[in-house]
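Notes follow once the structure below has been shown.
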Amino acid sequence: MFNIKSASISKKMIVINAPAILIIITALFIIISIYAAKSAENRAMLSILQAGYLVESSFDNILEQSKKNSENSMSVFKYFLESYYGSYTEFDIRGKAENGYPAYYLNDRLVTGETELLDRFSNTTNDVATIFAKDGQDFIRVTTSLKDADGKRAMYTKLDHNHPAYNLVLSGKTYLGKATLFGNDYLTFYEPVKDADNNVTGILFIGYNLKPAYEVLNKSVGNIKIGTNGYVIAFDKANDIFTIGSQSFTGSPNSLPFADKIKENNVFLYNYNNKKFIAKDIYNEDLGWNIIVSALEDDYIKDILLLRTIMFAGMIIFILVFFITVNLVIRMVVVVPLYKLTTSIFKFFDYINHKSESEVTIYKPSGKDEIMEISNAVNEQMKRLYANLKEDDNLIEESLKVSAQVKQGYLNVAINASTHNPALNRLKDNINETFSHLSSTMQSILFVVEKYSANDFRDSIDAGFLEGELLAFINGINLMGSRIREMLHTSMNTCENLMGASNELKSHVDTLQSSAEIQSTNLDKNIISLEHLNESMEQVNIRAKDVVEHSEAIRNIIDVIHDVADQTDLLALNAAIEAARAGEHGRGFAVVADEVRKLAERTQKNLQEISSNTNKLVEAINDMDSAIKAQTDEMQTMHTSVLELQQVTASTLNVAVSTKEVSDKVNKISTDIMNDASSKEF
């Protein structure tokens, strides 16, 4: 792929000049082509206009002759009327004929329905004739030689009120115009017929056959050629039929490729069969025809196309010869000397870039052109460059030594060598100034750091106009000093607060220890009292259980006594029964038995009361036993709680002792920190 950056000078010159030359030649070619095309178009247009003028003249002449012929035909028709009827001016209407149409008379002879004379006229002249009779506002064909395609006469039809001849004839004027009747074109001539009072009573009509005129037009116009392939056609657009030159196209006029461009006297372009035509439309009002005069554009540009091709080939040859000549001249005059010069310069650059150790002599071409001047100037500059390079090497060597000292940590150094290179001198001065400033800054930093190491934190480093990492370093040291001062102030305040809090804590711990010891002693006494109370409650519980057991024994005895009382009562009842059997002898025994029964009843009653009281006593003792058990459980729980409280009190006492030890240690640390902070200056 072509790359202009890597191309030779000759190729670059060609590439640079080629667009301009091509643009100029192309512009000339385009201008000539446009001028030639315009000239061809003008020639074609001139041919069209000339042909159009000839065509219009031909049409006008033939139509004018046709109009005269139609007037002559009317004269011939009148001659026929005179020869047959004696006169053609004595027309009158006498009512209706037998067929019901107006009875039209000429010199007292009926005209209505008589066709012999009109047929003889048509056979003689090849024209058609008609006589109209007025019937009210209508004109009726009462006789005619006009027939349709089937040979039927157009009799007893009316003249349309919209016909252009109607109003003219009605006003007593003639009308001349083209009409198509049953497929044939005629130049029609309408002449009014008047009575003695100058009233229109009818019309004499002549239809001059235009077929002979069309044949003349076809011969004179249809064979006209515009250029080699141009032509003339004519057509009746209203009836969509060709009248002249139909062989040039197929189809109907309305299907022409330029049908939409047809306008009166319009010039337009159109393509037909892949060919470009220029055309002019001429409208003939008398015939109602559009006449198209066309010219093929290629007929007028063949010579121009040939000339353009020759010019194009000549331009290509000129461009090739020009570029080859320019390339050879540039190569001999410029490229070869420049190649030798650049070769020497590249060798010199190798020396500068330490690729070669030998000095280079610049190529000196013969002559006094620009290349010679460049060579002399380069030689002079090389000498200066050699001297300057040595000075630069000395400066760089010394700079490397100073840089090595700086790497070892020695900042109080400077570069003393100089050179003719202003940039290197500025660099040297800037480096020396940088070393000096760094040395001064480091001295300030060391001074402050040494004071910090001696516990003197009052000073800070002045950053001056420093920026970047060194400014961040100094700000970091200053921030460290500020933080140390803040820390020392905070430590002093914290130690003072800590010592006060420690003393207060020690006081509270002493109080807590004393209270815990007293509480421990009281808890020991309470534990002993609770143990004695618990033992007493257990003795009461035992005695209550004994009472319950004795009550149960009493209840058993009561049951025995109750059984004895029941037996006694039964025995008393048996004794009473036996006493009753004994009669008088057993009366005393009956009294005793009755007393015994009463005694048994009282015994049972007392036993019931004793049993009830015994049961109440047992219930009360059981309730007391339950209460004693509950009280014993509560005493046991209280004893457990007191034991736990004793353990907590012991733990509290231990914590108080430990807290006192911690308080003593904190007090000692606070005192040490206070003494250490007081020994520093801030």
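The letter at position 646 of the sequence shown is residue 646 when you use full-length UniProt numbering, and the numbering goes up by one with no holes.
Virtual Cβ for every residue (Gly too), placed ideally from N, Cα, C.
Length of the line joining the Cα atoms of Met-332 and Thr-26:
30 Å
Just the C-alpha distance for Val-540 and Ile-628, rounded to the nearest angstrom, thanks.
For Val-540 and Ile-628, the distance between alpha carbons rounds to 8 Å.
Is it true that the region 270-285 meets the region 210-225, where meeting means three or more beta-carbon pairs spaced less than 8 Å apart?
no
Contact belief for Glu-398 with Ile-415 at Cβ below 8 Å, rounded distance in angstroms:
5 Å
Hey, Glu-681 and Asp-459 are a contact pair by Cβ (cut 8 Å); roughly how many whole angstroms apart?
Rounded, the Cβ-Cβ distance is 10 Å, inconsistent with contact.
When the Cα of Phe-77 is compared with those of Leu-110, Ala-97 and Asp-119, which residue comes out closest?
If we check each option's Cα against that of Phe-77, Asp-119 comes out closest.
Pull up the distance between the alpha-carbon of Leu-63 and that of Lys-276, whole angstroms please.
33 Å
Name the two residues that bound the continuous alpha helix (DSSP H) containing Ile-445.
422-453
Should the region 670-677 be regarded as contacting the region 557-569, the criterion being three or more beta carbon pairs within less than 8 Å?
no
Would Ile-319 pass as a contact of Ser-294 if the rule is Cβ separation under 9 Å?
no
For Thr-143, write down the residues that DSSP places opposite it in a beta bridge.
Ile-131
From Glu-71 to Phe-268, what distance separates their C-alpha atoms?
38 Å
Are Thr-637 and Gln-519 closer than 9 Å when you measure CB to CB?
When the beta-carbon positions are compared, Thr-637 and Gln-519 stay at least 9 Å from each other.
From which residue to which residue does the beta strand (DSSP E) around Ile-157 run?
The question names Ile, yet the displayed sequence has Thr at residue 157. Note, Thr-157: premise wrong, no beta strand (DSSP E); not H, not E.
Does the distance from the CB of Gly-172 to the CB of Ile-48 come in under 9 Å?
no
Reduced DSSP category for Arg-43 - H, G, I as helix; E, B as strand; rest coil:
helix
Are any of the Cβ atoms in chain C nearer than 9 Å to that of Ser-611?
No chain C appears in the structure shown, which is made up of a single protein chain.
Using only the alpha-carbon positions, how far apart do Gln-647 and Ala-630 sit?
25 Å
With distances taken between CB atoms, is the gap from Lys-178 to Tyr-186 smaller than 9 Å?
yes
When you compare only the Cα positions, how much space is there between Thr-343 and Val-336?
11 Å
Does DSSP put Ala-234 in a helix, in a strand, or in coil?
strand
Have a look at the DSSP bridge pairing and note the partners of Asp-119.
In DSSP, Asp-119 forms no bridge with anything.
In three-state terms, what does DSSP make of Ala-179?
strand
Could you check the C-alpha separation between Ala-20 and Ile-30 for me, to the nearest Å?
15 Å
Range covered by the alpha helix (DSSP H) that runs through Lys-220
First, the amino acid is wrong: residue 220 is Ser here, not Lys. Residues 211-220.
Inspect the beta-carbon positions of Ile-93 and Ala-133 and report whether they are closer than 9 Å.
yes
With which residues is Arg-153 paired in a DSSP beta bridge?
Lys-147
Taking buried to mean at least 16 other C-beta atoms within 10 Å of its own C-beta, is Val-111 buried or exposed?
buried
Give me the Cβ distance between Phe-139 and Ile-203, rounded to the nearest whole Å; I'm assuming they're in contact under 8 Å.
6 Å
Would Ala-576 pass as a contact of Ala-600 if the rule is Cβ separation under 9 Å?
no
If I measure Cβ to Cβ from Asp-625 and keep anything under 8 Å in the same chain, skipping five residues before and after, which residues do I get?
Asn-541, Ala-544, Lys-545 and Val-548
Whole-angstrom C-beta distance between Leu-573 and Arg-597, which should lie under 8 Å
7 Å
Which two residues bound the contiguous alpha helix (DSSP H) that contains Leu-170?
164-170
Determine which residues share a DSSP beta bridge with Ser-294 and list them.
Tyr-231 and Ala-279
Does DSSP put Lys-96 in a helix, a strand or coil?
strand
Excluding sequence positions up to five away, which residues of its chain have a Cβ less than 8 Å from the Cβ of Lys-67?
Leu-176 and Leu-187
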